[in-house]
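Here's the structure we're looking at; comments come further down.
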Amino acid sequence: MLFDTHVHLNVSHFDEDREEVLQRAKEAGVENMVIVGFDHETIPKAMEIAEQHDHIYAAVGWHPVDAIDMTDKELAWLEELSSHPKVVALGEMGLDYHWDKSPKDVQQEVFRKQIQLAKKVNLPIIIHNREATEDIIQVLQEEKAEEVGGIMHCYNDSVDYVDACLKMNFYISLGGPVTFKNATLPKEVAKYVPADRLLIETDCPFLAPHPNRGKRNEPAYVKLVAEKIAELREVSYEEISKQTTENAKRFFGLIDG
Ligand SMILES: [Zn+2]
Ligand SMILES: [Zn+2]
Numbered sequence: 337m338l339f340d341t342h343v344h345l346n347v348s349h350f351d352e353d354r355e356e357v358l359q360r361a362k363e364a365g366v367e368n369m370v371i372v373g374f375d376h377e378t379i380p381k382a383m384e385i386a387e388q389h390d391h392i393y394a395a396v397g398w399h400p401v402d403a404i405d406m407t408d409k410e411l412a413w414l415e416e417l418s419s420h421p422k423v424v425a426l427g428e429m430g431l432d433y434h435w436d437k438s439p440k441d442v443q444q445e446v447f448r449k450q451i452q453l454a455k456k457v458n459l460p461i462i463i464h465n466r467e468a469t470e471d472i473i474q475v476l477q478e479e480k481a482e483e484v485g486g487i488m489h490c491y492n493d494s495v496d497y498v499d500a501c502l503k504m505n506f507y508i509s510l511g512g513p514v515t516f517k518n519a520t521l522p523k524e525v526a527k528y529v530p531a532d533r534l535l536i537e538t539d540c541p542f543l544a545p546h547p548n549r550g551k552r553n554e555p556a557y558v559k560l561v562a563e564k565i566a567e568l569r570e571v572s573y574e575e576i577s578k579q580t581t582e583n584a585k586r587f588f589g590l591i592d593g
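With the numbering used here applied, the sequence shown corresponds to residues 337 to 593, in that order.
Next up, the structure:
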């Protein structure tokens with residue numbers, strides 16, 4: 337069984353065939369997934385899909401690219417949603433220095449407010465990071481994010497920063513890029529992260545793993561990610577799928593007792 341910790345089945349790319357995509361995920365052994373909402377359109381859709389399916393959960397947050405659109409009203413909305421039984425984390429939140437729609441200082445302010453909210457409602461956080469690893473680690477440290485813990489989603493930087501993340505009770509999630517031929521960093525990270533802190537994801541519809549690179553990604557392909565990680569760590573596919581599923585259930589508080 338597999339746990340895809342980061343999917344966007346809530347975007348329009350899946351409007352035509354969402355139920356077929358879910359069926360293919362089931363056939364590939366993907367038992368659970370977390371749908372991540374990140375703005376006015378995708379948050380209600382994530383809640384709707386999670387409410388309709390037992391094995392699907394939701395995370396809600398404000399994306400750093402759109403940080404400039406987050407007011408106190410949106411923050412209050414996130415707080416209200418945080419008590420919903422299907423909401424297992426806040427995010428994705430973080431910093432994205434690739435796009436310049438929202439200035440860096442605005443992104444950091446919105447990121448800090450969401451970490452503070454996560455501590456208030458006691459939910460872990462999901463971090464989106466693009467070209468901003470050092471600033472992200474600094475904000476997480478200053479805001480004492482270790483009190484709630486989190487996921488570095490689709491981690492794509494040097495292994496050198498992994499220890500700082502682990503120290504703050506963070507998990508490292510790997511996606512499609514670990515399967516890309518020319519991607520050396522995620523392969524090193526896949527070998528380095530302790531077994532009990534490793535998670536897998538698709539981030540679908542984006543970042544489809546090899547040999548589907550460039551196509552629309554979907555949760556069934558998380559199997560390709562797990563297979564590649566098993567190969568890199570020289571363990572069985574069964575061991576990786578069992579371990580990452582256990583880790584995800586522990587992280588999201590889905591283990592009874
Ligand atoms: Zn992201
Ligand atoms: Zn995402």
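We put the CB at the ideal spot given by N, CA and C, even for glycine.
>> Taking 8 Å as the limit between beta carbons, can you name the residues of its chain near Leu459, skipping five residues before and five after?
In response: Taken in chain order, the residues that qualify are Ser418, Val423, Val424, Ala425, Leu426, Val484.
> Okay, do the stretch 563-582 and the stretch 370-389 touch, 3+ Cβ pairs below 8 Å being the bar?
Replying inline: A contact is defined here as three or more CB-CB pairs under 8 Å, and the stretch 563-582 fails this definition with respect to the stretch 370-389.
> What is the C-beta distance between Val446 and Trp413, in whole angstroms, given that I count them as a contact (C-beta under 8 Å)?
Replying inline: That pair is no contact at about 14 Å.
> Can you tell me the Cα-Cα spacing of Val595 and Asp436, whole angstroms?
Replying inline: Residue 595 is absent from the structure shown; the chain starts at 337 and stops at 593.
> Any idea if Ser348 is buried or exposed, counting beta-carbon neighbours within 10 angstroms, 16 or more meaning buried?
Replying inline: That one is exposed.
> Would you call Asp539 buried or exposed, if buried means 16 or more other Cβ atoms sit within 10 Å of its Cβ?
Replying inline: Buried.
> Would you say Glu428 touches ligand 1, meaning its beta carbon is less than 7 Å from a heavy atom?
Replying inline: For ligand 1, at least one heavy atom lies less than 7 Å from the Cβ of Glu428.
> For ligand 2, is there a heavy atom less than 7 Å away from the beta-carbon of Val372?
Replying inline: Indeed, a heavy atom of ligand 2 lies less than 7 Å from the Cβ.
> Among Val529, Phe542, Pro421, Ala526, which one has its Cα closest to the Cα of Val343?
Replying inline: Comparing Cα-Cα distances from Val343 to each of Val529, Phe542, Pro421, Ala526, the minimum goes to Phe542.
> With a CB to CB cut of under 8 Å and the five nearest residues on each side skipped, what residues in its chain are close to Ala556?
Replying inline: Excluding residues up to 5 positions away in sequence, Val357, Arg360, Ala361, Glu363, Ala364, Val366 lie with their Cβ nearer than 8 Å to the Cβ of Ala556 in the same chain.
> Between the C-alpha atoms of Glu537 and Lys409, what's the straight-line distance to the nearest angstrom?
Replying inline: So the two alpha carbons sit approximately 30 Å from each other.
> Of all the alpha helix (DSSP H) runs that stay within the bounds of the stretch 494-554, which reach a length of 4 or more residues?
Replying inline: Unbroken alpha helix (DSSP H) stretches of 4 residues or longer found wholly inside the stretch 494-554: 498-503, 521-528, given in chain order.
>> Suppose only complete runs of 4+ residues qualify. What are the alpha helix (DSSP H) ranges in the stretch 358-386, listed by chain order?
In response: Runs of the alpha helix (DSSP H) spanning 4 or more residues and lying entirely within the stretch 358-386 do not occur at all.
>> I'd like to confirm the pairing. Which residues does DSSP put opposite His489 in its beta bridges?
In response: Residue pairing of His489 in beta bridges, as defined by DSSP: absent, with no partner found.
> In whole angstroms, what is the alpha-carbon distance linking Tyr497 and Tyr491?
Replying inline: A direct Cα-to-Cα measurement between Tyr497 and Tyr491 gives close to 10 Å.
> Where does Val401 fall in DSSP's three states?
Replying inline: The answer is helix: DSSP assigns Val401 an H, G or I state.
> Based on Cα-Cα distance, which residue from Pro439, Pro513, Lys523, Arg533 lies nearest to Gly550?
Replying inline: Answer by Cα proximity: Pro513.
> According to the neighbour-count rule (16 or more other Cβ atoms, all chains shown, within 10 Å of its Cβ), is Asn518 buried or exposed?
Replying inline: Asn518 should be labelled exposed.
> Name the DSSP bridge partner or partners of Gly589?
Replying inline: Assignment of beta-bridge partners to Gly589 by DSSP yields no partner.
> Taking Cβ positions, are Gln450 and Leu431 nearer each other than 8 Å?
Replying inline: Not a contact, by the Cβ cut-off of 8 Å.
>> Looking at ligand 2, does it come within less than 7 Å of Asp340, judged from the CB to the closest heavy atom?
In response: No, Cβ of Asp340 sits at least 7 Å from all heavy atoms of ligand 2.
>> Under 7 Å: does the beta carbon of Cys501 sit that close to some heavy atom of ligand 1?
In response: Not so, every heavy atom of ligand 1 lies at least 7 Å from the Cβ.
> According to DSSP, what are the bridge partners of Phe339?
Replying inline: In the DSSP output, where bridge partners are listed per residue, Phe339 has Asn368.
> Helix, strand or coil for Leu414 per DSSP?
Replying inline: Three-state result, Leu414: helix.
> ligand 2 heavy atoms versus the CB of Asp539: any closer than 7 Å?
Replying inline: At least one heavy atom of ligand 2 falls within 7 Å of the beta-carbon of Asp539.
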